[in-house]
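If you're matching positions, the sequence shown starts at 749 in the numbering used here and goes up one per residue.
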Amino acid sequence: MLRNLVRLYLVIAALVVASILVVNYGFPHLFAGQFAKAVRSGFNGESFMLNRLLSGRSPAEQEALLAQLRAAAPERYSRPVQTLEQLPPSVREQLAQHRVGWEITGSKCCVVYVKLDDGGLVQVRSLADLPMVEVVAYALVFSTILAAVCIWLIPHWRDLEKLRLAAARFGGGKLDARVGLSGRSSIRQLSSHFDRMADRIGKLIHAQRDMVNAVSHELRTPLSRLEFGLDILQHHAQDPATENRILGLRKDVEELEALVAELLTLGMLEHDRQGVFTETVALPEFLRDTCGLTAEALAVGKLELRCSVDAQLATVVTEARTLARAYSNLVRNAAQHANSVIRVRAEPAAPDAWTLVVEDDGAGIPEAERERVFESFYRLDQSRDRATGGYGLGLSIVKKIVARHGGSIRVGSSELGGAMFVMRFPLRQLPP
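Quick look at the structure:
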């Protein structure tokens, strides 16, 4: 908003300067007749007095009298440098008709010529330059303009700032954010439209969340029945073919259970956004025990998990349950794409922050896809087959957990050649 105010003021100031220049330097040309008439009206009396004083006297006497006049009015009376024949034709015409002529000099000081009866010329300056007065006058003008702009703009600025903050809060997930401007606001209609839109979007999102949570909970009962039925069928299976089919069905049921668990986790994170940070964990042991991969799984995948923790981060205060979930999701995701190495690093990022980095030596993530990988149900093209597993919820859960901890997450390229996920968390202390 400050940028808009400065831009508006500069535009107005530029237009005012342009208008001043036009008035001072353009009007004498545009309205030359009116200016000439005003000059004659203002200087006819002075022309008469100069003629009575100087005409019929010798040049020496005239110079002596002009010197006395200059002493009384410095720089007002002088002999022109140009002769009558050297003056512009318009000035000569005015002198011939009215004995008073004026010349446009491109400044506020109008140069007036008075023709004496003996043919001589006297130059009269109408006004001396007053630079300091002009500076003060222009400063007053532009200050008044700035005050007027501020008086007019501040109420709009205040209301637009409220609208911006409400939109930012709403976009950040606070669905109860509203503008709530008074009826006298100039953008009341816009804020009313925003509030109505926010009401409808909030109701739709709440309805969607409630539906997903309700369906997820309801699915658990039939899934349990299916598992129970499959156990009975497997117990009474008479041939290996039937048993293999039952094992395949059991795997499908397990995938559905995993999906339901992910959905319930998302619902929990949406409804409970504030974490409880009262646990002190030994970070090296925590990262080793909660990576989500067993030694057997690493051996089968021919993977090496390297973990390093800075000495300053021997212990951290966190919410261990959700941090373990985010960390294990990233490690398992790295295991699906790594060729041979997964590297985990915990290190200080600032006096009040630390980072947890998970990277691999796989194919990496294209730069155009790096923001979308955190969207729910979004998966890269190469991971849309059932062999890799997953439903596109793991990274979305990670992002929500990191936000729950008051941190941030980004994805980039690793020195190993694959993807690098960097989680940044604030350093916390236990409450006294």
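Quick reminder that beta carbons are idealized off the backbone N, C-alpha and C, glycines included.
Do you know offhand how far residue 925's Cα is from residue 994's?
It is roughly 51 Å from the alpha-carbon of residue 925 to the alpha-carbon of residue 994.
Self-check item: Cα-Cα separation between residue 764 and residue 952, rounded to whole angstroms
Solution: Each residue's Cα considered, the two are about 51 Å apart.
| Segment limits, alpha helix (DSSP H) that includes residue 706 | Nothing can be reported for residue 706, as the shown portion of the chain is limited to 749 through 1180.
In this structure, does DSSP put residue 829 in helix, strand or coil? Looking at residue 829 - three-state DSSP - the assignment turns out to be coil, as it is neither helix nor strand.
Keeping to the same chain, check which residues put their C-beta closer than 8 Å to that of residue 973; ignore five residues upstream and five downstream. Excluding sequence neighbours, residue 973 sits near nothing in its chain.
Hey, how far is the Cα of residue 756 from the Cα of residue 766?
-> When rounded, the distance between both Cα atoms is 15 Å.
### Task
Name the one or two DSSP bridge partners that residue 1107 has.
Paired residue(s): 1091 and 1168.
Q) Using the rule of at least 16 other Cβ atoms within 10 Å of the residue's Cβ for burial, across every protein chain shown, is residue 931 buried or exposed? A) With fewer than 16 other beta carbons inside 10 angstroms of its own, residue 931 counts as exposed.
| Which residues mark the beginning and the end of the alpha helix (DSSP H) in which residue 805 is found? | Membership of residue 805 in any alpha helix (DSSP H) is not indicated, and neither H nor E is assigned to it by DSSP.
| field | For residue 863, the three-state DSSP class (helix, strand or coil) | value | Residue state, collapsed to three classes: strand.
Counting Cβ pairs closer than 8 Å, one from the segment 882 to 891 and one from the segment 912 to 919, do we hit at least three? Short answer: they don't touch.
inquiry  = Looking only at its chain, what residues have a beta carbon closer than 8 Å to the beta carbon of residue 822, apart from the 5 residues adjacent to it on each side?
reply    = So no residue of the chain qualifies.
Between which two residues does the alpha helix (DSSP H) holding residue 1044 run?
Boundaries of the alpha helix (DSSP H) around residue 1044: 1043 to 1048.
- DSSP-derived helix/strand/coil call for residue 931: If DSSP states are grouped into helix, strand and coil, residue 931 belongs with coil.
Buried/exposed call for residue 1067, threshold 16 Cβ in 10 Å: Residue 1067 is buried by the Cβ-count criterion.
So which of 966, 1106 and 1122 has the shortest CA-CA distance to residue 1171? Of 966, 1106 and 1122, the residue nearest in Cα terms is 1106.
Subject >> Beta-carbon gap between residue 871 and residue 827 smaller than 9 Å >> reply: Pairing residue 871 with residue 827 gives a Cβ-Cβ distance under 9 Å.
Q: Please name the residue or residues paired with residue 1066 in a DSSP beta bridge.
A: Bridge pairing for residue 1066: 1027 [DSSP].
CA-to-CA distance, residue 895 to residue 832, given in whole angstroms:
Straight-line Cα distance between these residues: approximately 51 Å.
Three-state secondary structure (DSSP) at residue 988?
Helix.
Note to self: Do residue 910 and residue 940 count as a contact pair if the criterion is CB distance below 9 Å?
What the structure shows: Contact flag unset, no.
Report task. Using the Cα positions of residue 1039 and residue 1086, report the straight-line distance between them to the nearest angstrom. Result -> Using only the alpha carbons, I get a separation of about 15 Å.
* Asked: What separation, rounded to the nearest whole angstrom, lies between the Cα atoms of residue 1124 and residue 1077?
  -> Computed Cα separation, rounded: 14 Å.
**OP:** Report yes if the CB atom of residue 1094 is closer than 9 Å to the CB atom of residue 1046, and no otherwise.
**Re:** Not closer than 9 Å, so no.
| message | In this structure, how does DSSP classify residue 1142 when only helix, strand and coil are distinguished? | response | Here residue 1142 carries a helix assignment [DSSP, helix/strand/coil].
message: For the structure I just gave you, are there three or more beta carbon pairs, one from the segment 1108 to 1122 and one from the segment 1055 to 1067, closer than 8 Å?
response: No, the segment 1108 to 1122 is not in contact with the segment 1055 to 1067.
Straight-line Cα distance separating residue 1041 from residue 1079
Their backbone Cα atoms lie some 8 Å apart in a straight line.
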